[in-house]
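Okay, structure first, notes after.
Number of protein chains: 2
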Amino acid sequence: MATEIERKFLVANDSWRAAVIRSERMTQGYIARGPTATVRIRLIDGDDAMLTLKGKTVGVSRPEFEYAIPRDEAEDLLVLCGEARLSKTRHFIEHVGHEWTIDVFEDRLSGLIVAEIELGDEAESFATPSWLGEEVSQDKRYANALLVDATAPPIRN
Amino acid sequence: MATEIERKFLVANDSWRAAVIRSERMTQGYIARGPTATVRIRLIDGDDAMLTLKGKTVGVSRPEFEYAIPRDEAEDLLVLCGEARLSKTRHFIEHVGHEWTIDVFEDRLSGLIVAEIELGDEAESFATPSWLGEEVSQDKRYANALLVDATAPPIRN
Numbered sequence: 001m002a003t004e005i006e007r008k009f010l011v012a013n014d015s016w017r018a019a020v021i022r023s024e025r026m027t028q029g030y031i032a033r034g035p036t037a038t039v040r041i042r043l044i045d046g047d048d049a050m051l052t053l054k055g056k057t058v059g060v061s062r063p064e065f066e067y068a069i070p071r072d073e074a075e076d077l078l079v080l081c082g083e084a085r086l087s088k089t090r091h092f093i094e095h096v097g098h099e100w101t102i103d104v105f106e107d108r109l110s111g112l113i114v115a116e117i118e119l120g121d122e123a124e125s126f127a128t129p130s131w132l133g134e135e136v137s138q139d140k141r142y143a144n145a146l147l148v149d150a151t152a153p154p155i156r157n
Numbered sequence: 001m002a003t004e005i006e007r008k009f010l011v012a013n014d015s016w017r018a019a020v021i022r023s024e025r026m027t028q029g030y031i032a033r034g035p036t037a038t039v040r041i042r043l044i045d046g047d048d049a050m051l052t053l054k055g056k057t058v059g060v061s062r063p064e065f066e067y068a069i070p071r072d073e074a075e076d077l078l079v080l081c082g083e084a085r086l087s088k089t090r091h092f093i094e095h096v097g098h099e100w101t102i103d104v105f106e107d108r109l110s111g112l113i114v115a116e117i118e119l120g121d122e123a124e125s126f127a128t129p130s131w132l133g134e135e136v137s138q139d140k141r142y143a144n145a146l147l148v149d150a151t152a153p154p155i156r157n
């Protein structure tokens with residue numbers, strides 16, 4: 001079992017775009033979302049398909065299990081997900097020894113941009129890029145498993 | 001995607017025991033059970049661990065996706081399932097060209113014995129063994145994903 005320790009932020013401006021080193025477009029769906037776990041199918045354009053089980057989040061940590069699956073089966077599973085799907089382009093940025101991902105959401109979530117950093121432990125410090133906005137790690141509305149049900153990006157007060 | 005076409009029966013007597021050709025003990029749990037799919041982890045004693053996604057049942061058919069996963073990860077996933085687990089011994093029987101499985105449930109489901117046959121299509125005929133009891137294919141209470149919540153075997157009227 002891996003443990004995913006992740007912090008999540010909005011972006012304050014567009015200056016991150018100049019630092020992008022690679023990008024990939026992905027479509028993902030949730031075939032099951034229960035009180036103890038979510039089960040995600042992710043199709044990455046021209047690349048792998050992954051089946052990912054994530055346990056309950058405690059603080060900013062959660063257990064994660066990930067398996068590569070055949071692409072055609074992932075496509076069938078995405079159909080079974082029905083409306084519980086979203087597409088986004090993920091951009092990768094290196095900043096002072098850490099990798100950031102910046103997800104630019106599409107369709108009804110257009111306008112939503114979320115930056116994430118994975119950490120080795122919850123207390124790990126990291127340099128703050130100039131484009132970094134408000135932290136939303138604890139705002140459940142930004143969980144992708146809930147964003148798939150949203151009709152528009154969440155509004156922060 | 002495979003399609004599972006399965007009919008399910010109670011047993012009328014114990015004469016099936018003389019025909020058993022092999023048996024395996026399994027523990028399984030459900031990490032997520034949604035309206036569109038169930039996600040099962042199954043650990044077979046001394047053998048494989050499987051992650052299985054099953055779609056919604058229509059009649060006696062349902063889409064099924066199965067992946068072998070590392071045994072230690074399956075054990076971690078079973079812990080995440082909490083109480084939604086059951087153990088049973090599965091016995092295999094050949095009868096006039098078909099394979100039957102007979103599940104003998106344990107613990108709080110002790111006394112429950114269910115015979116299953118997998119068919120190539122919904123209309124496929126099969127010889128009826130002398131030990132075959134009432135069909136319960138349409139009785140949702142016999143779905144393993146629901147049996148894990150039961151405190152005792154279902155009672156038929």
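Protein sequences, first through last, are from chains W and A. With our numbering, letter number 62 in the first sequence gets 62, and the count goes up by one each step, no holes. With our numbering, letter number 105 in the second sequence gets 105, and the count goes up by one each step, no holes. For every residue, glycine included, the Cβ atom is placed at its ideal position computed from N, Cα and C.
List the residues of chain W whose Cβ lies closer than 7 Å to the Cβ of residue 92 (chain A), in chain order. By Cβ distance, chain W contributes nothing, its closest Cβ being about 27 Å from residue 92 (chain A), past 7 Å.
For residue 50 (chain W), decide whether its Cβ has a neighbour in chain A, counting only Cβ atoms nearer than 9 Å. no
Taking the beta carbon of residue 29 (chain W) as the centre, do at least 16 other beta carbons fall within 10 Å, making it buried, or is it exposed? buried
Just to confirm, is the Cβ distance from residue 37 (chain W) to residue 53 (chain W) under 9 Å? yes
For residue 16 (chain W), which of helix, strand or coil comes out of DSSP? helix
Would DSSP call residue 74 (chain A) helix, strand or coil? helix
Name the residue from W:69, W:126 and W:33 whose alpha carbon lies nearest to the alpha carbon of residue 49 (chain W). W:69
Can you find the residues in the same chain that come closer than 7 Å, C-beta to C-beta, to residue 15 (chain A), ignoring five residues on each side of it along the sequence? 130 and 131
Taking a cut of 8 Å between CB atoms, which residues from the stretch 28–40 of chain W lie near chain A? 31, 32, 33, 34, 36, 37, 38 and 39
Using Cβ-Cβ distances below 9 Å, what residues of the stretch 56–67 of chain W are close to chain A? 56, 63, 65 and 67
Identity of the residues DSSP links to residue 104 (chain A) by a beta bridge: A:89 and A:113
I'd like to know if residue 77 (chain A) contacts chain W, where contact means its C-beta is closer than 9 Å to some C-beta of that chain. yes
Below 7 Å CB to CB, which residues in the same chain sit around residue 59 (chain A) once its five sequence neighbours on both sides are set aside? 122
Does the beta carbon of residue 26 (chain A) come closer than 9 Å to any beta carbon on chain W? no
Enumerate, from N- to C-terminal direction, the unbroken beta strand (DSSP E) stretches of 3 or more residues contained entirely within the stretch 127–152 of chain W. 132–135
Grab me the residues of residue 26 (chain A)'s own chain with a C-beta within less than 8 Å of its C-beta, minus the 5 sequence neighbours each way, in chain order. 42, 43, 44, 45, 87, 88, 89 and 90
Work out the CA separation of residue 34 (chain W) and residue 146 (chain W) for me, nearest whole Å. 12 Å
For residue 44 (chain W), would you say it is in contact with chain A, using Cβ-to-Cβ distances shorter than 9 Å as the test? no
Our contact map puts residue 152 (chain W) next to residue 32 (chain A) with C-beta atoms below 8 Å; I'd like the distance itself, whole angstroms only. Wrong, their Cβ atoms sit about 26 Å apart, outside the cutoff.
Beta-carbon proximity check, residue 115 (chain A) vs residue 133 (chain A), cutoff 9 Å: yes
is_contact[residue 147 (chain W), chain A] using C-beta, thresh 9 Å: no
Return the CA-CA distance between residue 128 (chain W) and residue 99 (chain W), expressed in angstroms with no decimal places. 12 Å
Suppose you measure from the CA of residue 2 (chain A) to the CA of residue 141 (chain W); what does that come to, to the nearest Å? 35 Å
When we look at the beta-carbon of residue 21 (chain W) and count the other beta-carbons within 10 Å, is it buried (16 or more) or exposed? exposed
Determine the direct distance from the alpha carbon of residue 57 (chain W) to that of residue 79 (chain A), and round the result to whole angstroms. 15 Å
Quick one: Cα of residue 158 (chain W) to Cα of residue 71 (chain W), how far? Outside the shown range of chain W (1 to 157) lies residue 158 (chain W), about which nothing can therefore be said.
Does the Cβ-Cβ distance between residue 93 (chain W) and residue 104 (chain W) come in under 9 Å? no
Pull up the distance between the alpha-carbon of residue 120 (chain A) and that of residue 108 (chain W), whole angstroms please. 42 Å
Output, in chain order, the set of chain W residues within a Cβ distance shorter than 8 Å of residue 73 (chain A). 1 and 65
Chain A residues whose Cβ lies nearer than 8 Å to that of residue 155 (chain W): Going along chain A, no residue has its Cβ under 8 Å from residue 155 (chain W), so there is no contact; the nearest lies around 27 Å.
With C-beta atoms as the reference, is residue 40 (chain W) less than 9 Å away from residue 144 (chain W)? yes
Look at residue 51 (chain W) and residue 10 (chain W) and say whether their C-beta atoms are less than 9 Å apart. no
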